[in-house]
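*Asks:* Start counting the sequence shown at 1; every next residue gets the next number (full-length UniProt numbering).
I have a structure here, written as structure tokens, and I will follow up with some questions on it.
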Amino acid sequence: MSDKTAAPQVYGADEINAVVLDPGSYTTQAGYAGYDQPSIVTPSYYSIHTSQENGKSTKVFDENLLFSRPKDGAEIRSLVSDNLVIDWDGAMDQYRYLFGQLEINSKEQPLLLTESTMNSYKNKIKAMEFFLEEEQFCAFYSVKQPTCVSFAHGRPNCLVVDIGHDLTTVTPVIDGLCLRNQVRGTKYAGAYLNQQLRQFLKSKAVDYTAPFMVKKKEGVYWENNDTKPIFENTNNIGNIHPSVKDFFYLRTLREMKELLLECCTDDELMVPADVEKELETENTRWFELPNGLNVPFTAYERQKISNSLFHPSDTLCGVVENWEKPYDGNIIDTIGTKNDLTSKEYVPLRRAKKTDEEENNNGSASKDENSHSPSKDSNKKEDGSTNNGTAVKHEKNDPSVGVTDLIQNVLENLDIDLKPQLANNIVLTGSTTLVPRLNERLNNELSLLNPSLKIRVHSAGNTTERKYASWIGGSILSSLGTFHQLWVSKAEYDDVGPDQLIVNRFR
């Protein structure tokens, strides 16, 4: 008998200390592969100040400096919108700053970049040029964020529901690869809730004052629209750009969202009572603004704002500014990356093995069916999507699609062989999914809509894992020994060209 045994497959890759970069709409994460959380989490914003003496511009990326007292005339700009980089000059400077903080040697360390499934061709080209040509990383790879989330949860076949700052997206992941043609999404996400909170404060005649503008304050409780805060302004504030105030306001709104909001079922939604009576109940919560004014939020108000994720047209303050146009789920059309050059749509192995005879039979059957009475499914593609790119809506009178209907749209368009497995592996990620009871309501509504399917909604209990699942998945992925063959070197980039890499490698 031979004592020889096959060598175990190597999965560890500690000798390659890769760098993982995960840009998001509100924060950007960076760190080393193999770590369980990013080393640096910084806002996807930067401050730029132009000196009046020499005309030189100075950019600030440090989070502590961003939230300190700004310089006279400084402006704060956003780097990422709708999960797409919109300011590459600022983004490249931010990445260089992050690399310096991490003390990265780009010539000896590869870089893994996470990207949105809707990332544009132009952005992909720019990323490769920057990391491989300008920063001269020894190797580079770009991977879709839902793929990273699937690795973070250990579920290669799952339905990734990402409710972030700008977007809510639902992405089917099969064998670790995203089905781009099946992606559905809307702009009813964290920023949508922020704007409702902003309009709610406006309805109470509450004016926001940034923390750096307050020298002293006294606690004042809101009673009516005539209630005013009592505070002393900071001396010599100077010229404050409106973007600075908006940036600080955004942070306060995020704190409100994290501390106050709570989802509930439509049946449990409390009936709005008289404000004075409601303020005396235990269900009312108070939030102190930087100027010392304490604003009340009744249970009805907190639940109504949260539930707008499920019913976007049914809001607390009527029409939401900048969201007047309804979103029906076709996010790729909304963002405008539908016709961009991208990788080929992944076809699962069991689908690719269909015989020519089966294909011909299906083709002739559909042809006969179309010639007599066209059905709503006759224009479906092999991957389950429709030729016109539209998704089924449950609310016929409401063009806006909430998160439950968004997931249901994707499930209904999936291939029948894939639907049960993905319905049993729905993964929640993104900061906005931390709203209490959102998971519970989502599970209940999907179970009612799909009685024949076993619905299971998975979400990490740890806040860090929920917020940064995309980065954590990238950290796991780039640490695998089997991932070595996927790295793209500068030599391959020069030899093959970016177009071929986008189509054939970055899937």
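Where a beta carbon is used, it is the ideal one built from N, C-alpha and C, also for glycine.
None of these values were measured; they are calculated from a predicted model.
So, at 8 Å on beta carbons, what are the nonlocal neighbours of D36 in its own chain, with the 5 sequence-adjacent residues on each side left out?
*Replies:* Closer than 8 Å at the Cβ level, and outside the excluded window around D36, lie I472 and S475.
*Asks:* In this structure, what does DSSP give as the bridge partners for R285?
*Replies:* Answer is F297, bridged to R285.
*Asks:* Identify the continuous alpha helix (DSSP H) that holds F231 and give its terminal residues.
*Replies:* It is not in any alpha helix (DSSP H) - F231 instead sits in the beta strand (DSSP E) that spans I230 to N233.
*Asks:* Going by beta-carbon coordinates alone, are W222 and L293 separated by less than 8 Å?
*Replies:* The answer is yes: Cβ separation under 8 Å.
*Asks:* Here's a check: name, in chain order, each residue in its chain whose Cβ is nearer than 7 Å to the Cβ of L260, leaving out the five neighbours to either side.
*Replies:* Within the same chain, L260 has close Cβ partners R285, F287, F297 and R302.
*Asks:* I'd like to confirm something about G473: is its beta-carbon nearer than 7 Å to some heavy atom of the ligand ATP, or not?
*Replies:* For the structure depicted, the ligand ATP is absent and the ligand set is empty, with no information on it obtainable.
*Asks:* The beta strand (DSSP E) that contains Y97, what's its start and end?
*Replies:* Per DSSP, Y97 belongs to no beta strand (DSSP E); it is in the alpha helix (DSSP H), W88 to L102.
*Asks:* Rounded to the nearest angstrom, how far is the Cβ of P110 from that of C148, given a contact under 8 Å?
*Replies:* Actually they do not touch by this definition, with Cβ atoms about 16 Å apart.
*Asks:* Can you have a look at P272 and say buried or exposed, based on whether 16 or more other CB atoms are within 10 angstroms of its CB?
*Replies:* Exposed.
*Asks:* Residue range of the alpha helix (DSSP H) that I76 falls in?
*Replies:* Element bounds for I76: not the alpha helix (DSSP H) but the beta strand (DSSP E), E75 to S78.
*Asks:* Answer yes or no: do P43 and L66 have a C-beta to C-beta separation smaller than 8 Å?
*Replies:* Contact flag set, yes.
*Asks:* Run through the DSSP bridge pairs and tell me what A30 is partnered with.
*Replies:* DSSP output for A30 lists L21 and I40 as bridge partner(s).
*Asks:* Does the Cβ of H372 have 16 or more other Cβ atoms within 10 Å, making it buried, or fewer, making it exposed?
*Replies:* In this prediction, H372 scores a pLDDT of 39, lower than 50, which makes its location untrustworthy; the coordinate-derived value is nonetheless stated afterwards. Label assigned to H372: exposed.
*Asks:* Tell whether a beta-carbon distance below 8 Å holds between P290 and A210.
*Replies:* Yes; because the gap between Cβ atoms is below 8 Å, this pair is in contact.
*Asks:* Among the candidates V19, D267, Y327 and A74, whose CA atom is the shortest distance from the CA of K107?
*Replies:* Checked all of V19, D267, Y327 and A74; the closest Cα to K107 is V19.
*Asks:* Below 7 Å CB to CB, which residues in the same chain sit around G384 once its five sequence neighbours on both sides are set aside?
*Replies:* Confidence in G384 is poor, its pLDDT being 39 and thus under 50, which makes the residue's placement unreliable; the coordinate value appears in the next sentence. The answer, listed in chain order, is Q182, N413, L414 and D415.
*Asks:* Checking 8 Å against the spacing of the C-beta atoms, do L102 and I16 come in under that value?
*Replies:* No, these two residues do not count as a Cβ contact at 8 Å.
*Asks:* May I have the straight-line CA-CA distance separating E129 from V80, to the nearest angstrom?
*Replies:* Cα to Cα, E129 sits roughly 18 Å from V80.
*Asks:* Hey, out of L201, A469 and L132, whose CA is closest to L253's CA?
*Replies:* Ranking the options by Cα distance to L253, first place goes to L201.
*Asks:* Does the beta-carbon of P172 have 16 or more other beta-carbons within 10 angstroms, so that it is buried, or is it exposed?
*Replies:* Buried.
*Asks:* Hey, would you say A152 sits closer than 8 Å to A491, going by beta carbons?
*Replies:* Not in contact: A152 and A491 (Cβ atoms no closer than 8 Å).
*Asks:* Is Q52 buried or exposed, if buried means 16 or more other CB atoms sit within 10 Å of its CB?
*Replies:* It is exposed - the Cβ of Q52 has fewer than 16 other Cβ atoms within 10 Å.
*Asks:* So, under 8 Å CB-CB, F61 and Q94 are touching, yes? Tell me the CB distance rounded to an integer number of Å.
*Replies:* Going by Cβ atoms, the distance from F61 to Q94 rounds to 5 Å, so yes, they are a contact pair.
*Asks:* Kindly say whether L250, judged by its beta-carbon, lies nearer than 8 Å to any beta-carbon of chain B.
*Replies:* In summary, chain B is missing from the structure at hand, where a single protein chain is found.
*Asks:* Using the Cα positions of K454 and A423, report the straight-line distance between them to the nearest angstrom.
*Replies:* About 7 Å.
*Asks:* Which residue marks the beginning of the alpha helix (DSSP H) containing K490, and which one marks its end?
*Replies:* Segment K490 to V496, the alpha helix (DSSP H) holding K490.
*Asks:* Identify every run of the alpha helix (DSSP H) within the stretch 114–200, keeping only runs that are complete inside it and at least 4 residues long; order them along the chain.
*Replies:* DSSP runs (the alpha helix (DSSP H)) wholly in the stretch 114–200: 121–128 and 145–152.
*Asks:* Can you tell me the Cα-Cα spacing of D166 and T117, whole angstroms?
*Replies:* Distance between the alpha carbons of D166 and T117: 14 Å.
*Asks:* Helix or strand or just coil, what does DSSP make of D499?
*Replies:* The answer is helix: DSSP assigns D499 an H, G or I state.
*Asks:* So, for E345: in the same chain, excluding its five sequence neighbours on each side, which residues have a beta-carbon less than 8 Å away from its beta-carbon?
*Replies:* Excluding residues within five positions, the ones whose Cβ falls inside 8 Å are L179, R180, N181 and D383.
*Asks:* To the nearest angstrom, how far is the alpha carbon of N83 from that of Y26?
*Replies:* In a straight line, the C-alpha of N83 is about 9 Å away from that of Y26.
*Asks:* Would you check if there are 3 or more beta carbon pairs closer than 8 Å linking the stretch 181–195 to the stretch 320–332?
*Replies:* Judged by Cβ distances under 8 Å, the stretch 181–195 makes contact with the stretch 320–332, as three or more pairs qualify.
*Asks:* What's the gap between the Cα of D333 and the Cα of V435?
*Replies:* Going from the Cα of D333 to the Cα of V435 covers about 28 Å.
*Asks:* With 16 as the cutoff for other CB atoms within 10 Å, does R184 come out buried or exposed?
*Replies:* That one is buried.
*Asks:* Ends of the beta strand (DSSP E) at L428?
*Replies:* Taken as a continuous stretch (DSSP letters only), the beta strand (DSSP E) holding L428 covers I426 to T429.
*Asks:* In the DSSP output, which residue or residues are listed as bridge partners for V60?
*Replies:* Bridge partners of V60: S47.
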